[in-house]
Amino acid sequence: MDNHNSVSGENRWRDLDKLLVRPGNIVGPNFEPGPQLRDDLQAYAKVLVVGAGGLGCELLKDLALSGFRNLEVIDMDRIEVSNLNRQFLFRLQDVGKPKAEVAAMRVMERVSGVNIVPHFCRIEDKNIEFYGDFNIIALGLDSIEARSYINSVACSFLEYDSDDKPCEETIKPMVDGGTEGFKGHARVILPGITPCFECTIWLFPPQVKFPLCTLAETPRTAAHCIEYAHLIKWNEVHGGKSFDADDPEHMQWVYSEALKRAELFGISGVTYSLTQGVVKNIIPAIASTNAIISAACALEALKIATGFSKSLSNYLTYNGAEGLHTKVTEFWKDNDCLVCGPGVLIEVDSTTSLQKFIDLLREHPTLPISKPSMVHRGKNLYMQAPPILEEMTRSNLQLPLFDLMGRIPKDVIHVTGTVTLNDRKTSALRKLRIVFKGNVDGVADMDMAGGA
Amino acid sequence: MAEPKSKYDRQLRIWGEQGQEALEKASICLLNCGPTGSETLKNLVLGGIGSITVIDGSKVEEGDMGNNFMVDLQSIAQSKAKCVCAFLQELNDSVRAKFVEESPEALIDTNPAFFQQFTLVIATQLLENSILKLDKICRQYNIMLIVARSYGLTGLVRISIKEHDVVDTKPDHFLDDLRLNNPWPELKQFAESIDLYTTDPVVHKHTPYVVILVKIVEEWASAHGGKFPSTREEKREFKELLKSKMISLDEDNYKEAMEASFKVSLPCGISPQLHQIVNDSSVEIDSSSYNFWVLVAALKEFIENEGGGEPPLEGSIPDMTSLTEYYISLQKIYQSKADADFLAIEQHVKGILKRIGRDPDTILKTTIKNFCKNARKLMVCRYRLIEDEFNSPILTEVQKYLTDEDYSVAVGFYVLLRAVDRFTSNYNRFPGLFDGEMDEDTSRLKTIAVGILNDMGCNGSSLSEDLISEMCRYGGAELHTVAAYIGGIASQEAIKLITKQFIPLTGTFIFNGIDHKSQLLFL
Ligand SMILES: [Zn+2]
Numbered sequence: 001m002d003n004h005n006s007v008s009g010e011n012r013w014r015d016l017d018k019l020l021v022r023p024g025n026i027v028g029p030n031f032e033p034g035p036q037l038r039d040d041l042q043a044y045a046k047v048l049v050v051g052a053g054g055l056g057c058e059l060l061k062d063l064a065l066s067g068f069r070n071l072e073v074i075d076m077d078r079i080e081v082s083n084l085n086r087q088f089l090f091r092l093q094d095v096g097k098p099k100a101e102v103a104a105m106r107v108m109e110r111v112s113g114v115n116i117v118p119h120f121c122r123i124e125d126k127n128i129e130f131y132g133d134f135n136i137i138a139l140g141l142d143s144i145e146a147r148s149y150i151n152s153v154a155c156s157f158l159e160y161d162s163d164d165k166p167c168e169e170t171i172k173p174m175v176d177g178g179t180e181g182f183k184g185h186a187r188v189i190l191p192g193i194t195p196c197f198e199c200t201i202w203l204f205p206p207q208v209k210f211p212l213c214t215l216a217e218t219p220r221t222a223a224h225c226i227e228y229a230h231l232i233k234w235n236e237v238h239g240g241k242s243f244d245a246d247d248p249e250h251m252q253w254v255y256s257e258a259l260k261r262a263e264l265f266g267i268s269g270v271t272y273s274l275t276q277g278v279v280k281n282i283i284p285a286i287a288s289t290n291a292i293i294s295a296a297c298a299l300e301a302l303k304i305a306t307g308f309s310k311s312l313s314n315y316l317t318y319n320g321a322e323g324l325h326t327k328v329t330e331f332w333k334d335n336d337c338l339v340c341g342p343g344v345l346i347e348v349d350s351t352t353s354l355q356k357f358i359d360l361l362r363e364h365p366t367l368p369i370s371k372p373s374m375v376h377r378g379k380n381l382y383m384q385a386p387p388i389l390e391e392m393t394r395s396n397l398q399l400p401l402f403d404l405m406g407r408i409p410k411d412v413i414h415v416t417g418t419v420t421l422n423d424r425k426t427s428a429l430r431k432l433r434i435v436f437k438g439n440v441d442g443v444a445d446m447d448m449a450g451g452a
Numbered sequence: 001m002a003e004p005k006s007k008y009d010r011q012l013r014i015w016g017e018q019g020q021e022a023l024e025k026a027s028i029c030l031l032n033c034g035p036t037g038s039e040t041l042k043n044l045v046l047g048g049i050g051s052i053t054v055i056d057g058s059k060v061e062e063g064d065m066g067n068n069f070m071v072d073l074q075s076i077a078q079s080k081a082k083c084v085c086a087f088l089q090e091l092n093d094s095v096r097a098k099f100v101e102e103s104p105e106a107l108i109d110t111n112p113a114f115f116q117q118f119t120l121v122i123a124t125q126l127l128e129n130s131i132l133k134l135d136k137i138c139r140q141y142n143i144m145l146i147v148a149r150s151y152g153l154t155g156l157v158r159i160s161i162k163e164h165d166v167v168d169t170k171p172d173h174f175l176d177d178l179r180l181n182n183p184w185p186e187l188k189q190f191a192e193s194i195d196l197y198t199t200d201p202v203v204h205k206h207t208p209y210v211v212i213l214v215k216i217v218e219e220w221a222s223a224h225g226g227k228f229p230s231t232r233e234e235k236r237e238f239k240e241l242l243k244s245k246m247i248s249l250d251e252d253n254y255k256e257a258m259e260a261s262f263k264v265s266l267p268c269g270i271s272p273q274l275h276q277i278v279n280d281s282s283v284e285i286d287s288s289s290y291n292f293w294v295l296v297a298a299l300k301e302f303i304e305n306e307g308g309g310e311p312p313l314e315g316s317i318p319d320m321t322s323l324t325e326y327y328i329s330l331q332k333i334y335q336s337k338a339d340a341d342f343l344a345i346e347q348h349v350k351g352i353l354k355r356i357g358r359d360p361d362t363i364l365k366t367t368i369k370n371f372c373k374n375a376r377k378l379m380v381c382r383y384r385l386i387e388d389e390f391n392s393p394i395l396t397e398v399q400k401y402l403t404d405e406d407y408s409v410a411v412g413f414y415v416l417l418r419a420v421d422r423f424t425s426n427y428n429r430f431p432g433l434f435d436g437e438m439d440e441d442t443s444r445l446k447t448i449a450v451g452i453l454n455d456m457g458c459n460g461s462s463l464s465e466d467l468i469s470e471m472c473r474y475g476g477a478e479l480h481t482v483a484a485y486i487g488g489i490a491s492q493e494a495i496k497l498i499t500k501q502f503i504p505l506t507g508t509f510i511f512n513g514i515d516h517k518s519q520l521l522f523l
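As you go down the protein sequences, you meet chains A and B in turn. At position 378 of the first sequence (counting the first as 1) the number is 378 in the numbering used here, and the numbers step up by one without a gap. At position 189 of the second sequence (counting the first as 1) the number is 189 in the numbering used here, and the numbers step up by one without a gap.
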């Protein structure tokens, strides 16, 4: 019987099925066409959407209409009025509600059969096992720090075999999108195979800040006056009280101070809108670009899950400001990457206590990580928070790390803590390959690890 | 608490109040509201487009549940246009949303004047025959047209308008207009008033680089027979000269001067692009000329007279290390030259308007001012009639694309999309619609595609067999993600056309969803 005549319910996916059920010549390496493929996609594929903003809303819709049934979304933000020009799952009456919850509800209302679990929390609030549960992670974020964190989590699952080849079943694929105005990018990250976010961190240069002496002594532009009011004058006047960009009274104060300063120096152009833009570092955003970039990401997620076509390899840039230009660049992974590489090799004496080890980490030349919490094969070695876990694991600090790790001469541990990125403290997760020196069994193993 | 405009804050930062006003005045007609059409409109409705009219004669089917977000289970068997329209209205109540339950093909055939009322028509998933007719209708009434198509893992977007002129092109990286290669008297005078050899180190490191360059290039010129540095060696020497004037290593203004030193060697006069525009045949003004061309004619007169070969000065300067007072003085010098140039252009505009028998005040001051500010960045986009492209594509381009590895898939999809339309007119269904007829359809589609290539004067065998069978595999499928991508582009182009800001796409955009190596084809 032909597809178009088949029984009720089956016909819903008539378009998608053409591509999933039929064989083809231009397809991915693991493509196994057939009705089973769509059933498996619906039954087993589990995707996490990180961010329920402009990209996240689109991603949820796109994935739900690409046959995915098991979706989860995580976002710590609440809906604001200025979201409504692009975050199409939200209405005026939703302002103030958690984005993740409203987005999940709206897509479930419209696309029958899809199940979306919302998580209204920070990405760092979830433990690593939470992220381990997904087949694909789709990133709809606007911050480098958040991307960097999720990337390190996804890469932490990656294991290497004894030849330093990535083990396929431990690869946690990601699709990542970003937009600014009429421009955007979409990329596919297969940790261990294609470059991870950290391998190509240079693609995201840190924001340039104005020198303080310019703000204080030789202001020339409206932005200089605004930053003077925001960074210098605020502290002078309010000493101690921290500035809150979401408090309209605080913003109004900065605006009027900036205006006074501009008048003093004969500088024009200070407006309330510019004040908000400079202080909050607002990135202009529109619906169409988010739609394009999310669609590319969701299409790639469907390819990863089914192999029904080739993959983007591995970075797409889109520029619609001057004509329309798209470009695919194949970036290379950095074999020495701290995040997606085999892990940072650390040799420690078998008698070293956990406390001593933590002190060593803070001083480590390539990965200075402070306030670390550590997990070994799912077992908490030491946790900084919450207090109850801290108390439970505190006694471990005095025990030798070697004993805590079950007296294995070499193994991998995961460390979460704070690192400094672009002068800002940010959460990070690192994978360490620990090799014990001294009185341990299996000398041959140790040599192997040392050479790897 | 919520100001009415704050929901548009993030886009006002891109196209401003003027752009927003243009959007709010625009009326859009959408043909076919499948996923491609409804996703296109979604993006425009969110942005606050004035009105939308959805034309679709079909009823919602079960299959629409698998790719269209604007319909749900309750919509089944109802008018698709009505359901999509209702959902779009939910997104933004300041948009006027209407629908007509009629097939676009029938409307094109029976009531061409219907399209006259719109600013822009967006035709989605329409076959070749109807597109060619619609294109002619839109030309006749001077209505902008965007054609958007999603098909399997490919698709296209094509704009069709006789002419689209942009003043506010907002290019990303455009060289600032400092005239360091040709400083005018007031700028020179100001530079002369400043002592580069001041003993005050604070003043020394806060002398703006514009002043440094104007003065030191003067010094260079007097030692080089009045000439500015031009050869690579001279430019290097000039940089060394700049460096020698530093009194400490942390002088950012001198670093900026060295980085900007090439600006003193830039060629004088207008760019080749602007040259083409001021010499366009439309500059021959008559009473029916567009205001844009009246302004260009005035610009031409200015360049040939007061401008001494240069367009009006833009008037703004970039931020640079400087004492506040020096910077503000410089700003004023640039601004007053720009104001003087504006007044001169304004006189030319009035003179031309008078000459062609129109009210000399018909073009607003603000319009002329904006034109002067952007005079170096003007853009004129012209689009061939789609029928002309189909009947006589630019053969050299087609042949180049067919043999270029980067373009062969895109041009293959271009030919196959046209072949699909002919197949569909012949057989009344898409190739590969039925599983059982894949092989026959593939060879039929191939015959048609080879015929199209031969008609173009190209070798039909250059078409990849894999791509032909891939096209049959699609069987007319409209994937949601492809529709969202194509619809996203269509809406983005619509915004550029309506706001008359940024540069719209020229040529035909061919989407390649296999590896994302999409291309623009100029045919
Ligand atoms: Zn990496």
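The C-beta atom is built at its ideal place from N, Cα and C for all residues, glycine as well.
Close Cβ partners of A/Ser309 (< 7 Å) along its chain, the five nearest in sequence each way excluded: Spatial neighbours of A/Ser309 in its own chain (CB-CB distance under 7 Å, excluding positions within 5 residues in sequence) are listed in chain order as Ile26, Val27, Gly28, Lys303.
Spatial neighbours of A/Ala305 in its chain, beta-carbon cut-off 7 Å, leaving aside the 5 residues before and after: Leu41, Ala45, Asn135, Ile136
Chain-order list of residues whose beta-carbon lies under 8 Å from that of B/Cys268 (same chain, five-residue window excluded): Asn181, Asn182, Gly309, Glu310
Reference A/Ile475; option with closest CA among A/Phe197, A/Ser112, A/His185: The requested residue 475 of chain A does not occur in the structure, where chain A is confined to residues 1 to 452.
The stretch 118-126 of chain B / the stretch 24-32 of chain B touching (three or more Cβ pairs under 8 Å): As far as the Cβ criterion goes, the stretch 118-126 of chain B touches the stretch 24-32 of chain B, which means the pair count is three or higher.
A/Glu198: CB within 7 Å of a non-hydrogen atom of ligand 1: yes
Cβ-heavy atom distance, B/Pro541 to ligand 1, below 7 Å: The first residue shown for chain B is 1 and the last is 523, placing residue 541 of chain B beyond what the model contains.
Beta-carbon proximity of B/Cys458 to B/Val398, cut-off 8 Å: yes
Sequence ranges, alpha helix (DSSP H) only - wholly within the stretch 443-488 of chain B, length at least 4: 465-474
Beta-carbon neighbours of B/His206, restricted to chain A and to distances below 8 Å: Thr218
8 Å Cβ cutoff, A/Thr326 in contact with chain B: yes
Reference B/Ile468; option with closest CA among B/Val409, B/Asp455, B/Ala484: B/Val409
Among A/Met251, A/Lys172, A/Ala64, the one whose alpha carbon lies nearest that of A/Met105: A/Ala64
Proximity test, Cβ basis, 8 Å: B/Asp200 and chain A: Cβ-Cβ to chain A under 8 Å: no for B/Asp200.
Chain E residues whose Cβ lies nearer than 9 Å to that of B/Met471: Checking the listed chains, one finds no chain E in this structure; the protein chains it contains are A and B.
Residue-level contact to chain B via CB, A/Asp77, 8 Å cutoff: no
DSSP-derived helix/strand/coil call for A/Ser162: coil
Distance, A/Glu300 Cα to A/Arg377 Cα: A/Arg377 and A/Glu300 have their C-alpha atoms roughly 31 Å apart.
Where A/Asp17 falls: helix, strand or coil (DSSP): Here A/Asp17 carries a helix assignment [DSSP, helix/strand/coil].
From B/Asn291, B/His204, B/Val283, B/Ser282, residue whose alpha carbon lies closest to that of B/Lys255: Taking only the C-alpha atoms, the option nearest B/Lys255 is B/His204.
Distance, B/Asn291 Cα to B/Asp359 Cα: Their Cα atoms are separated by approximately 12 Å.
Whole-angstrom distance between A/Arg91 and B/Asn428, CA atom to CA atom: Between B/Asn428 and A/Arg91, the C-alpha separation is close to 42 Å.
Supposed close pair B/Val62, B/Gly487 - CB separation, criterion 8 Å: The question names Val, but residue 62 of chain B in the sequence shown is Glu. The pair is not a contact, with the Cβ atoms about 22 Å apart (cut-off 8 Å).
Residue of A/Gln398, A/Phe197, A/Gly323 minimising C-alpha distance to A/Val339: A/Phe197
Beta-carbon separation (whole angstroms), A/Val175 vs A/Cys57, contact threshold 8 Å: Between A/Cys57 and A/Val175 the Cβ distance is about 16 Å, and since that is not below 8 Å, they are no contact.
For A/Asn30, three-class secondary structure by DSSP: Correct three-state label for A/Asn30: coil.
Nearest-angstrom Cα separation, counted from B/Gln335 out to B/Leu209: First, the amino acid is wrong: residue 209 of chain B is Tyr here, not Leu. In a straight line, the C-alpha of B/Tyr209 is about 18 Å away from that of B/Gln335.
Test item: CB-CB of B/Ala580 and B/Ile448 under 8 Å: The structure shown does not extend to residue 580 of chain B, since chain B is modelled only from 1 through 523, so no value can be given for it.
Nearest-angstrom beta carbon gap, B/Ala97 and B/Ile52 [assumed within contact, 8 Å]: Here B/Ile52 really is in contact with B/Ala97; their C-beta atoms are around 5 Å apart, less than 8 Å.
Cβ-based burial, A/Leu312 [other Cβ within 10 Å; buried from 16]: buried
Any C-beta of chain A under 8 Å from that of B/Leu46: yes
Outcome for B/Cys83 when other beta-carbon atoms lying within 10 angstroms are tallied against a minimum of 16: If you draw a 10 Å sphere on the C-beta of B/Cys83, you find 16 or more other C-beta atoms in it, and that means buried.
is_contact[B/Lys59, chain A] using C-beta, thresh 8 Å: Not closer than 8 Å to any Cβ of chain A, the Cβ of B/Lys59 fails to qualify, so no.
Element boundaries [alpha helix (DSSP H), containing B/His218]: Rather than His, the amino acid found at residue 218 of chain B in this sequence is Glu. Note, B/Glu218: alpha helix (DSSP H), 209-223.
Cutoff 8 Å: A/Asp2 Cβ touching any chain B Cβ: In this prediction, A/Asp2 has a pLDDT of 39, which is less than 50 and means its spatial position is unreliable; what the coordinates show is noted afterwards. Closer than 8 Å to some Cβ of chain B, the Cβ of A/Asp2 qualifies, so yes.
Contacting positions in the stretch 63-85 of chain B - beta carbon closer than 9 Å to chain A: Gly63, Asp64, Met65, Gly66, Asn67, Asn68, Phe69, Met70, Val71, Asp72, Leu73
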